[in-house]
Amino acid sequence: MSVLRGSPRLLAIAASVAVTAFAAGCGGGPAAPAGGARQETSGPVAAFDAKVRADVDAALAAQTEQTNPVPAEGPAVVPGKKLVIIPCAMAVEGCARPAHAAQEAAKVLGWEASIDDPAGDASKMSAAIKRAVSSGAHGIVLNSIDAAAVQGDLRAARKAGLSVVCDMCGDTGGLIQSVSPPLEENERAGYLLAQQAYLLTKERFGSAPRFIVMLDDEFATVRARAAGVKRFIGNCEAAGAGCELAAEGRHLAAEISTTAPSRVVQLARSNPRHNVLFAGYDAALHFFAQGLRQAGLADPAKVIGISVDADVANTDDIRKGGFQAASAGVAMRRVGYGMVDDLNRLFSGGQPVAQGISVKLITKANAPASGSWDGDFDATPHYLKLWGKP
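So the sequence shown is numbered by the numbering used here: it starts at 14 and just counts up by one.
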């Protein structure tokens, strides 16, 4: 889902969500029971708890045509356009799904659309952008490639007149004209996941959440998600609700299946009171969970994992009541259609619009029966109607 800037390659790994915990009280007020959670019925902790519950309930609810509407109006389809779609890596689920959807949507409009897969290699990402320019493309669709990683090439593409949109990217200097979902939605995803953890730890452990936060700060989206988790912890502490940041760790995307899982195990052993592990994207948490299981540290009766993306394997773990308790999902097929709609608006001389895409918390209670979560309704007919297509 996001792209790694490592040495000397960028390895992109897609990624990402919801976990809950109730806080054990700090300071004055009623004594905490043996389980550790304070049983307050009034005061700041109770008010905080009520707000968390309301936010989580809203984020768990089914998305509808009314809550997440497709744009109702738009320009006529501009004919004869050519797109190049550049994902972080087609081997990564969170990059491949929106890339395929964008290609499908472009072909619905009668446009030429090809996928140029850099396979997570920074130099190949740059080369793909250069090829797009030299091929006479009118637009570029990026998936999980931050502008900062390829800003020179994007600047040249924009100067050559190409329009650029992206899924799950950080922008630099306005080089990307539309980011879907917006970067702020990633911060909200992290906050919602922490809220879910607040409720879940109360329910399962009778304790406030004590977080280990793993950060891959190569990516703007992942930094935003981690910032959302830590903002919640700060708000929880201010309310006297007992949340803690037990430890922080860092990793690169290139390390998620190699050295990073062992570092997560070491952090878990060094912080035995932690009961929540946050990872910035599901691909990372999948490997971290494997390492923790091998070390006997992934008992869902003692600790839970939360992350972003609702990937297939992660959603399956959630569905089965495993170590991962929540994920923040995005309707990735719809994202692909939304990016193409924004390109058509740009080609028409207009500006991108809000595409109505937001994250949804996925837990055992609302996980789909199989596969990943990819939306609660099919937005495709709405886009076809918008574009005047049968």
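We put the CB at the ideal spot given by N, CA and C, even for glycine.
Name the DSSP bridge partner or partners of residue i?
| i | result |
| --- | --- |
| P222 | Its beta-bridge partners do not exist; DSSP assigns none. |
| A339 | I319 |
| N156 | P100 and D180 |
| K373 | G342 |
| L228 | R263 |
| V192 | C179 |
Thinking C-beta only, is residue j closer than 8 Å to residue i?
| i | j | result |
| --- | --- | --- |
| S148 | Q368 | no |
| P313 | F336 | yes |
| V277 | I317 | no |
| I375 | S320 | no |
| P111 | N156 | yes |
| I246 | F218 | no |
| D355 | S127 | no |
| A266 | E231 | yes |
| A75 | Y350 | no |
| L205 | D62 | no |
| S283 | A302 | no |
| T214 | A207 | no |
| G262 | L280 | yes |
| T77 | F360 | no |
Smallest Cα separation from residue i: which of the options?
| i | options | result |
| --- | --- | --- |
| K243 | V177, V163, G203 and E231 | G203 |
| I370 | T376, D62, F61 and P84 | P84 |
| A382 | H395, D330, A344 and G362 | D330 |
| C256 | A210, A281, P285 and S385 | A210 |
| R306 | T328, H287, S283 and S275 | S275 |
| A119 | P131, I98, D134 and L205 | I98 |
| G241 | A273, F300 and A292 | A292 |
| D130 | G107, A150, A114 and C101 | C101 |
| A273 | A251, H287, G304 and D295 | G304 |
| L175 | G342, A162, G186 and I153 | I153 |
| H299 | A323, A281 and K315 | A323 |
| L196 | F360, V343, L167 and G165 | V343 |
| V65 | C182, L167, R168 and R201 | R201 |
| R332 | R347, W386, V372 and K373 | W386 |
| Y294 | D229, S220 and A60 | D229 |
| M103 | S361, K95, M138 and D389 | M138 |
| Q79 | G133, H395, K402 and G183 | H395 |
| N357 | G388, G334, V91 and A71 | V91 |
| G107 | M181, I142 and A141 | M181 |
| G401 | A89, A72 and L73 | A89 |
| H151 | G165, V163, I158 and K95 | K95 |
| V146 | D134, R168, S136 and I158 | R168 |
| V105 | G183, A326 and D184 | A326 |
| A378 | A338, F360 and A109 | A338 |
| R144 | D166, I158 and A308 | D166 |
| G388 | F360, M345 and G133 | M345 |
| S136 | E125, I158 and W124 | I158 |
| I142 | W124, V163 and G56 | V163 |
| A60 | N248, E117, W124 and P403 | N248 |
| G133 | Q116, A109, G56 and E117 | A109 |
| G93 | Q116, D70, E125 and P403 | E125 |
| D70 | G186, P403, T328 and L212 | L212 |
| T328 | G362, P285 and G384 | G384 |
| H287 | A239, P403 and K315 | K315 |
So residue i and residue j are supposed to be a Cβ contact under 8 Å. How far apart are they, rounded?
| i | j | result |
| --- | --- | --- |
| V178 | A170 | Between A170 and V178 the Cβ distance is about 12 Å, and since that is not below 8 Å, they are no contact. |
| L188 | V353 | Not quite, the Cβ-Cβ distance comes to about 19 Å (not below 8 Å), so this is no contact. |
| G87 | L397 | Not confirmed; about 12 Å, so no contact. |
| V58 | A254 | 5 Å |
| I269 | A297 | 4 Å |
| V226 | L258 | 7 Å |
| A380 | R347 | Not confirmed; about 18 Å, so no contact. |
| N199 | A237 | 4 Å |
| K373 | A72 | 6 Å |
| G183 | A233 | 2 Å |
Run through the segment 241-308 for me and flag every whole alpha helix (DSSP H) of 4 or more residues, listed as ranges in chain order. Qualifying alpha helix (DSSP H) stretches, in chain order: 273-283 and 295-307.
Quick one: complete alpha helix (DSSP H) runs, 4+ long, within the segment 74-127?
Runs of alpha helix (DSSP H) with 4 or more residues, each lying fully within the segment 74-127, are found at 106-121, listed in chain order.
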